[in-house]
Structures are given as C-alpha cells and as structure tokens.
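I have placed the structure first, in the form of structure tokens, so that the comments after it can refer back to it.
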Amino acid sequence: MFTLDSKLKKKIMMKATKFLKLLLPAVVVALTIAACTEDGDYTFPEISLSEPEVDPNIDINLVKQTNNGGVVDFADVVNNYSGESLVFEGYVVSNDEAGNFYKTLVIQDQPENPTAGIQIDIDDASLYEYYKPGQKVYVLLYGAKDNNDNLLPALGMEEQYGVLHIGAIEGTEVARIAATEYLYYIKRSTEVADIVPTVISHSDFDDSMINTLVQLDYMQITSDELGSAYANAGDTYSVNRMLKSCEDNTEVILRNSGYSSFKSQLFPEGQGSIVCVFSKYSSDYQLYIRDTEDIDFTDSRCDPLFEDSFADGALANWTTYSVTGSPEWGYSSYGNSSDSAYISGYSSGYIENEDWLISNAIDLSAVSTATLSFQSAKRYSGNDLELYMSTDYAGGDPNTSGTWTQLSATWDTDTSTWYSWTDSGDIDVSPAAGGTLYIAFKYTSTTSEGAAYEIDNVVIEE
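Numbering follows my numbering, in which position 229 of the sequence shown is assigned residue number 230; successive positions increment by one, without gaps.
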C-alpha cells in the first residue's frame with residue numbers, strides 16, 4: 002500500500018486534472034486508494050521519486066549570456082548545443098509558502114558559492130509544495146514533452162526591470178508558464194541539498210549575484226523606521242524597508258509583499274544577520290526574504306550618537322537663526338536620497354545674507370571620542386559654507402551666544418549639478434566628548450552672488 006505525502010495529497014485533491022496524469026494513470030490511483038480505504042485507512046498513496054532521465058548541456062551562466070535585449074526563444078538556441086534538448090540544472094533557493102514570493106521560482110547553479118542565478122515565472126502560487134529550498138531541478142528550455150510524447154513549445158527569456166525572467170513565450174513577451182504545464186519543464190532530482198548563503202557586504206553588490214541566496218551581517222532597520230511592520234496590515238501593497246549596515250552605514254532595500262503572511266508583524270529592532278534572495282529593480286538592488294526566520298536581528302543596535310537624514314521633511318533636530326537677509330534655512334525634497342536641509346542666497350536677485358543652521362543639543366556625556374560626517378551639494382557660485390562646533394551655545398544669535406570653533410570639512414565644488422553629493426570626511430568633535438555638543442552650518446551670500454546648498458545625512462558616531 003502506498004501513501005502520498007501532504008504535498009501531493011493537496012495537489013491531487015485540488016488540481017487532479019493536472020497532477021494525476023503526470024504521476025500515475027488515474028485508474029491505478031483510484032484502485033490503490035480504494036484498497037487503502039477498505040481497511041479504514043484513508044491516506045493517499047505515496048509515490049517514490051526517481052531521477053529524471055535528462056542530460057544537462059548548458060549552465061545558467063550560458064543561459065544568461067543568450068540575452069539579446071529582447072525575447073530569447075530557446076528553440077533558436079538549441080542548435081548550438083549537443084542533443085535534442087536544451088537543459089540546465091540548478092538548486093531552488095526561493096520559497097513562496099509565506100507569500101513573499103509570488104508565482105516565481107528562483108534557482109542558482111550550485112548549493113554553495115554559486116556563480117549565477119535565474120528566476121522562472123510560473124502561474125502557480127504554491128510552488129513550495131513541489132519545490133522546496135535546496136531541491137535540485139532540471140529545467141528543459143527546449144525539448145519538454147507531455148504525457149503523450151508531444152513536444153511542448155520552447156521557453157523564452159526576457160529582461161524585465163534589470164532582471165532576466167524565464168517563462169512561456171506569448172506573442173512578443175515572456176509570461177508565466179501555465180499551471181498545467183510547468184511540471185513538464187521543471188523536473189525534480191532526488192537530491193535535496195543544504196543551501197549555503199554567500200556572505201556579502203554592500204561593496205560586493207553586483208548584477209552577477211541577482212537571484213542567488215546571500216547573507217548580510219551587522220544589519221538593522223534604519224532608525225526612522227523603528228516600530229514599523231514588515232508591510233502594511235491594512236492593504237496589499239508591497240513595501241520597502243530600508244536596512245542599514247553597522248559596518249559602513251550603507252543602506253539597501255528590503256522588499257516585503259503585502260500578501261505575505263507576516264506583513265503585519267513588527268520588524269525586529271535589533272541588529273544581526275539576514276539571509277535573502279538578492280535581486281534588482283531597475284537600478285536599485287533589493288533583498289527578498291522567504292519568511293521571518295531569514296532575519297536574526299537579536300543583537301543590540303549600532304545607532305550613532307546622532308543622525309538626521311531629514312527624511313521627515315522638517316528641521317526638527319535643528320534651530321535656524323537669520324542674522325541678516327530674508328532667505329533662511331529650510332528643507333528640500335531633493336536630498337540624498339530623500340529630503341535635505343537647503344538654503345539659497347537668491348530671492349528675486351542676490352541678497353546679502355548670513356544664516357545659521359544649528360543642531361539641538363547632542364548628548365556626548367557617555368563617550369570619550371566622537372566623529373561627525375555629512376554630505377553636501379552645491380549649485381551656483383558663491384561663498385563656501387562654514388562648519389562650527391560649540392559646547393556652550395545658549396540660544397539666540399550665535400555671534401554672541403556660545404564659543405564656536407570652526408572645523409575643516411570637504412565640501413561639494415561641482416556647481417553644475419545637484420547630484421554631485423560629496424562626503425565631508427570624518428571630522429573630529431571629540432573636544433565635546435563627555436558633555437554637550439552643538440554643530441552649526443553658517444551660510445553667507447552677497448549682493449553679487451549666492452550659492453545654493455543642500456546638507457544631508459548628518460551623523461555623529463563614537
């Protein structure tokens with residue numbers, strides 16, 4: 002007597018017309034089930050898996066190299082390879098059980114240290130029932146046949162928003178493989194491997210890693226998103242959460258589906274490691290988790306002593322003081338990458354101006370050293386900004402309140418564009434360690450010229 006595992010049981014019950022003819026003739030299945038129920042056993046028959054009789058003759062790297070900028074028809078590629086079929090092998094790294102992947106199977110070429118990955122679009126939202134992570138598979142790009150030994154159409158490939166997709170050719174585009182056909186194209190091996198994610202950092206990001214399983218260490222959700230859920234509990238929109246590296250302060254997008262089972266769960270607020278499928282949308286690299294077990298953020302956060310990306314569209318952490326002239330510090334929606342602090346000395350003509358942007362008190366009482374960094378962008382000719390620090394500012398006019406020390410910084414000098422964001426370098430503000438720090442950006446313009454400046458991503462770290 003045979004028994005089916007829960008995976009195939011569900012497939013037989015819900016999609017009988019698709020799977021019965023692929024697994025056993027319907028009569029044999031019916032007879033076997035009947036035999037089981039005679040003695041009160043209502044379990045389904047278990048069908049053992051055997052190794053498919055296919056010979057891979059191309060690898061994922063070579064498959065990707067056939068990209069021609071349009072739709073690749075693998076019927077046109079098969080003649081370049083030996084055999085009557087075009088087949089590659091790989092290992093499944095995606096898992097759609099939690100709903101964060103949708104009708105997509107992601108495959109990489111090796112279980113460890115992969116060199117390439119690819120995604121296959123399939124019109125089935127429960128692929129995890131048949132393809133578990135680590136499952137070795139054979140993909141027939143050309144040469145797949147149905148149960149009647151009829152040759153099925155070749156698959157195709159197309160780049161969509163920076164990522165190569167394999168699927169069924171429909172007219173002039175690549176679409177999902179039909180739910181009734183994908184088992185003919187993607188055959189399971191008897192091998193299920195342990196997938197070892199490739200440990201990477203932001204400096205390693207590269208298109209060659211797309212659709213492979215990676216691990217990033219020392220990561221945390223950005224401080225302005227603390228208290229957020231993975232996605233929005235009240236709708237089905239996908240949501241970007243920004244993750245920040247504790248090693249180099251770089252950020253990357255974590256993309257979470259509004260259909261995922263974990264969308265309403267609060268995002269963990271510590272720092273640690275994340276295992277994810279590496280992907281891309283247009284020019285932005287993105288990460289996708291299979292479920293919440295891929296995130297291990299249990300260590301203490303590595304937040305800086307102070308940071309402001311001006312993402313809230315306000316200057317809540319700052320005081321503005323105008324000594325002379327009408328233009329004052331405000332904020333712009335064109336920062337790096339969101340809002341920024343902004344000032345210009347031009348208002349219906351150039352104006353003599355002196356304006357200060359002064360931070361609120363920053364507590365450095367628990368540290369012995371501190372470093373400041375920020376980014377600047379300059380447009381049009383005019384005086385450079387000046388940077389100052391104080392430990393005793395008491396409010397009001399900074400020319401008469403507090404003792405200010407001018408600091409050296411690297412400023413943007415490319416006045417032809419707003420996109421030449423320049424890192425200030427690390428600026429020592431340790432004289433304020435053990436007490437209170439104020440930092441200030443002083444802007445001046447004249448009646449003959451006035452530059453426009455943006456300041457963003459101000460950070461003070463120990």
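Ideal Cβ positions, reconstructed from N, Cα and C, are used throughout, including at glycine.
These numbers were taken from a predicted model, which means no experiment stands behind them.
At least 3 beta-carbon pairs within less than 8 angstroms: the stretch 274-292 vs the stretch 344-364: Of all C-beta pairs linking the stretch 274-292 to the stretch 344-364, fewer than three are shorter than 8 angstroms, placing the two stretches out of contact.
Coarse secondary structure for ASN225, derived from DSSP in three states: Locating residue 225 in the sequence shown gives position 224, counting from the first residue. Sequence check: residue 225 is Asp here, not Asn. ASP225 falls in the helix class under three-state DSSP.
Residues near LYS104 by beta carbon distance below 8 angstroms, same chain, minus five either side: Translated into positions along the sequence shown, residue 104 becomes position 103. Taken in chain order, the residues that qualify are ASP97, ASP122, ILE123, ASP124, ASP125, ALA126, LEU128 and ARG177.
Rounded distance between the beta-carbons of TRP412 and ASP385, thought under 8 angstroms: The residue you call residue 385 lines up with position 384 of the sequence shown. The residue you call residue 412 lines up with position 411 of the sequence shown. Rounded, the Cβ-Cβ distance is 5 angstroms, consistent with contact.
When ALA453, GLN266 and GLU462 are compared against ALA433, the one with the closest alpha-carbon: Residue 433 sits at position 432 when you count from the first residue of the sequence shown. Out of ALA453, GLN266 and GLU462, the CA that lies nearest to the CA of ALA433 is found in GLU462.
Environment of VAL324 [buried if 16+ CB atoms lie within 10 Å]: Here residue 324 refers to the residue found at position 323 when the sequence shown is read from its first residue. Exposed.
GLN272, DSSP secondary structure in three states: Start at 1 with the first residue of the sequence shown, and residue 272 comes out as number 271. Three-state result, GLN272: strand.
Nonlocal neighbours in the same chain, by C-beta distance under 7 angstroms from HIS487, ignoring five residues either side: With the chain covering only 2 through 463, there is no way to say anything about residue 487.
The beta strand (DSSP E) enclosing GLN136, as first and last residue numbers: Against the sequence shown, residue 136 aligns to sequence position 135. Per DSSP, GLN136 belongs to the beta strand (DSSP E) from 136-143.
Beta bridge counterpart(s) of TYR1 as assigned by DSSP: No answer is possible for residue 1: the residues shown for the chain start at 2 and end at 463.
Extent of the continuous beta strand (DSSP E) to which ASN257 belongs: The residue you call residue 257 lines up with position 256 of the sequence shown. Run containing ASN257: 252-257, per the beta strand (DSSP E) assignment.
Cβ shell of PRO26 (< 7 angstroms), same chain only, five flanking positions each side left out: Indexing the sequence shown from 1 puts residue 26 at position 25. Because PRO26 sits at a pLDDT of 38, beneath the cut-off of 50, its placement in the model cannot be relied upon, and the following sentence gives the value as read from the coordinates. The answer is none, since no qualifying residue turns up.
Through-space distance from SER431 to PHE375, alpha-carbon basis: The sequence position of residue 375 within the sequence shown is 374, counting from 1. The sequence position of residue 431 within the sequence shown is 430, counting from 1. Distance between the alpha carbons of PHE375 and SER431 is about 16 angstroms.
Status (buried if at least 16 other CB within 10 Å, exposed otherwise) for GLN161: The residue given as residue 161 occupies position 160 in the sequence shown. Per the 10 Å Cβ criterion, exposed.
SER246 - DSSP class collapsed to helix/strand/coil: Position 245 of the sequence shown, counted from the start, is the residue given in the question as residue 246. SER246: strand per DSSP, three-state reduction.
Inter-residue Cα distance where the pair is GLY271 and ALA230: Within the sequence shown, numbered from 1, the residue matching residue 271 stands at position 270. Within the sequence shown, numbered from 1, the residue matching residue 230 stands at position 229. Here the alpha carbon of GLY271 sits roughly 14 angstroms from the alpha carbon of ALA230.
Beta-ladder partner(s) of TRP319, from DSSP: As a working note, residue 319 is residue 318 in the sequence shown. Note: TRP319 sits in a beta bridge opposite SER360.
Residues bridged to ILE196 [DSSP beta-bridge criterion]: On the sequence shown, position 195 is the one that residue 196 refers to. DSSP, once it has assigned bridges, lists no residue as partnering ILE196.
Nonlocal neighbours in the same chain, by C-beta distance under 7 angstroms from ALA395, ignoring five residues either side: What you label residue 395 is simply residue 394 of the sequence shown in a count that begins at 1. Only residues of its own chain outside the window of five on either side were considered, and among them SER402 and GLY403 have a CB closer than 7 angstroms to the CB of ALA395, listed in chain order.
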